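Peer 1: So that we are looking at the same thing, I have put the structure below in structure tokens.
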Amino acid sequence: MEKKRSGNGKRAVDPGAIRPGAIRPGEIRPGEMIRLLDGAYKGRRIELDFKTPLDLLVATILAAQCTDERVNRVTAALFKKHKTPRDYTRVPVEKLEEEIRPTGFYRNKARAIANCCRALEEDFGGKVPRRMDDLTSLPGVGRKTANVILGHAFGTPGVVVDTHVTRVAARLGLTRETNADRIEQDLMRLIPRDRWTEISHALVLHGRYVCKARKPACGECVLADQCPRIGV
Numbered sequence: 209m210e211k212k213r214s215g216n217g218k219r220a221v222d223p224g225a226i227r228p229g230a231i232r233p234g235e236i237r238p239g240e241m242i243r244l245l246d247g248a249y250k251g252r253r254i255e256l257d258f259k260t261p262l263d264l265l266v267a268t269i270l271a272a273q274c275t276d277e278r279v280n281r282v283t284a285a286l287f288k289k290h291k292t293p294r295d296y297t298r299v300p301v302e303k304l305e306e307e308i309r310p311t312g313f314y315r316n317k318a319r320a321i322a323n324c325c326r327a328l329e330e331d332f333g334g335k336v337p338r339r340m341d342d343l344t345s346l347p348g349v350g351r352k353t354a355n356v357i358l359g360h361a362f363g364t365p366g367v368v369v370d371t372h373v374t375r376v377a378a379r380l381g382l383t384r385e386t387n388a389d390r391i392e393q394d395l396m397r398l399i400p401r402d403r404w405t406e407i408s409h410a411l412v413l414h415g416r417y418v419c420k421a422r423k424p425a426c427g428e429c430v431l432a433d434q435c436p437r438i439g440v
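So in the numbering used here the end of the sequence shown lands on 440, straight run, no missing numbers.
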């Protein structure tokens, strides 16, 4: 049976595909939440296209205030031209700005890419480091970007906290914090370490396509039976 699609053309979550089981309304059980998210999103890869850790670092910088779809259209050509940090630092910043212009805020993003790549050359031998402390030492790279790279490029578990995860975690009552680092700590305590990357990515997708900031699609939500809908 063909699954219905949401208004943005993405395949919508089928609420009938998973049975929540005997859960009291408004009660969040982390194990059950993980099971339900697995049923809806297990195996879904990050939506930014990349082949190397450097590609993912650049794509993540470009994704700020921009859709992954638009970033992928830009990086399809960008990654063919620039394969090493030196490629990015050697090109005039004005040219890099033009290459990434469709992603918005292109001047700031071009400088961020150039500065990161310069630091990679000077401090890490032109390689993207594999440690959180090293990644967050790069100009403009915070824990969110570092966890994206660690989890999706290197397979090191990490909890990504973006605007979607912040919203979903608050609505589900998983945290009362508003600071991203504290939200990350709360989720790390609730989710088994070996599932940090996968489940936080599921929360990203859930926030992007179902638990939206405006008009959340509660009727399509696999977590609806245990969601207290805080703030909705």
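Cβ atoms here follow ideal geometry from the backbone N, Cα and C, with glycine treated the same way. Quantities reported herein were computed from a predicted structural model and do not represent experimental measurements.
How would you label residue 318, buried or exposed, when you count the other beta carbons within 10 angstroms and need 16 or more for buried?
Peer 2: buried
Peer 1: By DSSP, does residue 293 sit in helix, in strand, or in coil?
Peer 2: Residue 293: helix per DSSP, three-state reduction.
Peer 1: Apart from the five residues on each side of it in sequence, which residues of its chain come closer than 6 Å, Cβ to Cβ, to residue 340?
Peer 2: Hits under 6 Å: 354.
Peer 1: When DSSP labels each residue in this structure, what does residue 275 get in the three-state scheme?
Peer 2: Coil at residue 275, not helix or strand.
Peer 1: Looking only at its own chain, which residues have a Cβ that is under 8 Å from the Cβ of residue 259, when we skip the five neighbours before and after it?
Peer 2: 287
Peer 1: Between which residues of its own chain and residue 325 is the CB-CB distance below 7 Å, once the five residues before and five after are set aside?
Peer 2: Non-local beta-carbon contacts of residue 325 in its own chain, meaning distances under 7 Å to residues more than five positions away in sequence, involve 293, 296, 297 in chain order.
Peer 1: Counting C-beta neighbours from all protein chains within 10 Å, is the total for residue 379 16 or more, i.e. buried, or is it exposed?
Peer 2: buried
Peer 1: Would you tell me roughly how many angstroms separate the C-alpha atoms of residue 307 and residue 436, rounded to the nearest one?
Peer 2: 45 Å
Peer 1: Would you grab the beta carbon distance between residue 408 and residue 430 for me? Rounded to a whole angstrom, and I think it's under 8 Å.
Peer 2: At roughly 16 Å, the Cβ-Cβ gap does not stay under 8 Å, so residue 408 and residue 430 are not in contact.
Peer 1: Could you compute how far the alpha carbon of residue 439 sits from the alpha carbon of residue 394?
Peer 2: 19 Å
Peer 1: Ends of the alpha helix (DSSP H) at residue 393?
Peer 2: 388 to 398
Peer 1: Pick helix, strand or coil for residue 287, following the three-state DSSP scheme.
Peer 2: helix
Peer 1: Which same chain residues, not among the five before or five after residue 323, have their C-beta less than 6 Å away from its C-beta?
Peer 2: Within the same chain, Cβ atoms closer than 6 Å to the Cβ of residue 323 are found at 347, the five residues on either side in sequence being excluded.
Peer 1: Identify the continuous alpha helix (DSSP H) that holds residue 422 and give its terminal residues.
Peer 2: Neither: residue 422 is in no alpha helix (DSSP H) and is coded neither H nor E.
Peer 1: Give the secondary structure of residue 307 by DSSP, where H, G and I count as helix, E and B as strand, and everything else as coil.
Peer 2: helix
Peer 1: How far does the alpha helix (DSSP H) with residue 362 in it reach, from first residue to last?
Peer 2: Per DSSP, residue 362 belongs to no alpha helix (DSSP H) and is neither H nor E.
Peer 1: Which residue marks the beginning of the alpha helix (DSSP H) containing residue 270, and which one marks its end?
Peer 2: 261 to 270
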